[in-house]
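2 protein chains.
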Amino acid sequence: MPAPSPLVAHDRSDVIHASDTLARVFAALGDPIRLKLVAVLCAGGALSIAQLTANTDISRQGVTKHLQVLAEAGVVRDVKMGRERLWQLDPAQIEGARQTLDVIGHEWGIALQKLKLFAESP
Amino acid sequence: MPAPSPLVAHDRSDVIHASDTLARVFAALGDPIRLKLVAVLCAGGALSIAQLTANTDISRQGVTKHLQVLAEAGVVRDVKMGRERLWQLDPAQIEGARQTLDVIGHEWGIALQKLKLFAESP
DNA sequence: GATAAATGCAACTAAAAAGTTGCGTTTTGT
DNA sequence: ACAAAACGCAACTTTTTAGTTGCATTTATC
């Protein structure tokens, strides 16, 4: 097995799996407009670009670009219906991101527990 | 009470609270280097900039900038120890982000359930 | 006290992102 | 057939981000 890093004692990057696709999901959610789009779509609806634009302050093309960012991250999907393009949430990637944050919190909790045990040791 | 939006039937943006500070947390996590920094720090350690730089391909000043982004999002905190500046995780904002993703998943599940009930209705 | 380590500060370049405008295409409805 | 709705495509500007280099400052060590 490989020798542990001499500089960083407790690298958990193997546990977290900080992949580029995961970072892409977080980056997609890291914009107020896109986050609101997700908040609207999580209610289960399949909404057109025009409908989604009505909730924002930017142009239709601006919303289209944001939807493309979300789509490339796998957060939303589109279905063509006649002259409309309906967008709906795809919760798989969001669930993956949630699990990552969950693991980070757990790792932190474990570290705190170890520190506590060390402090209480006689 | 205000009239419901005529265009969007099920806006859950009130439930999600898509604030700018929350988007800032997601944006901070939306970079592979920063995500790895968080993965390293979630093990509980307080590491210096030089130590954190050893895990990346970029310069020390580049890492410093990434840490500043994480700090402005409230994801990490710094403590000065002598000539070193030690960084550690602050899990509060990450927990808030996790809860948001949790709510999105739940809202989606509720929407699916309603759709299922509607499809099964005689 | 001199030296090396760890960092801060500022200027700079390059690349990506955000947003717009203009115009063309497809589809719906009368 | 024609007009309006919904959208795509492409060019463009502006702003932000990522990353670097150079030099100054603080702190530990011999």
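Heads up: the sequence lines are chains A and B, in that order.
Under this note's numbering, the letters of the first sequence match residues 1 to 122, in that order.
Under this note's numbering, the letters of the second sequence match residues 1001 to 1122, in that order.
For glycine and all other residues, C-beta sits at the position ideal for the given N, C-alpha and C.
DSSP places A/D78 within a strand segment (E or B) once states are collapsed to three. Using beta-carbon distances, B/F1118 does not count as an interface residue toward chain A, since no partner is under 8 Å.
By the 16-neighbour rule on beta-carbons within 10 angstroms, A/I58 is exposed. At a Cβ-Cβ threshold of 8 Å, A/V69 and B/I1104 do not count as neighbours. Here the stretch 1048–1062 of chain B does not lie against the stretch 1105–1112 of chain B, with fewer than 3 beta-carbon pairs under 8 Å apart. The alpha-carbon separation between B/G1045 and A/G44 amounts to approximately 41 Å. Residue pairing by DSSP puts A/Q88 in a beta bridge opposite A/R77. Within 10 angstroms of the beta-carbon of B/K1080 lie fewer than 16 other beta-carbons, which makes it exposed.
Under the 8 Å criterion on CB atoms, A/W87 is classed as non-interfacial with respect to chain B. Residue contact check for B/A1097 against chain A: a CB pair falls below 8 Å.
Between A/R98 and B/D1102, the C-beta gap is smaller than 8 Å, which places the two residues in contact. As computed with DSSP, A/S48 is found in a beta bridge with A/L86.
Between B/L1067 and chain A, the shortest Cβ-Cβ separation is not below 8 Å. In this structure, the alpha-carbon of B/A1119 lies about 14 Å from that of B/I1110. Here the alpha carbon of B/I1033 sits roughly 26 Å from the alpha carbon of A/K36.
At least one CB of chain B lies nearer than 8 Å to the CB of A/G30. A/H66 carries a helical assignment under DSSP once its states are collapsed to helix, strand and coil.
Here A/A92 is not near B/A1027, since their CB atoms are 8 Å or more apart. The beta-carbon of B/G1062 is placed no less than 8 Å from the nearest beta-carbon of chain A.
At a cut-off of 8 Å between C-beta atoms, B/V1038 counts as an interface residue with respect to chain A. For A/E107, a Cβ of chain B is located within less than 8 Å of the residue's own Cβ. Distance from the CA of B/N1055 to the CA of B/S1019, rounded to the nearest whole angstrom, comes to 32 Å. Less than 8 Å separates the beta-carbon of B/D1031 from that of B/H1066.
Rounded to whole angstroms, B/V1040 and A/H17 show a C-alpha spacing of 11 Å. For B/I1049, not one C-beta of chain A is nearer than 8 Å to its own C-beta.
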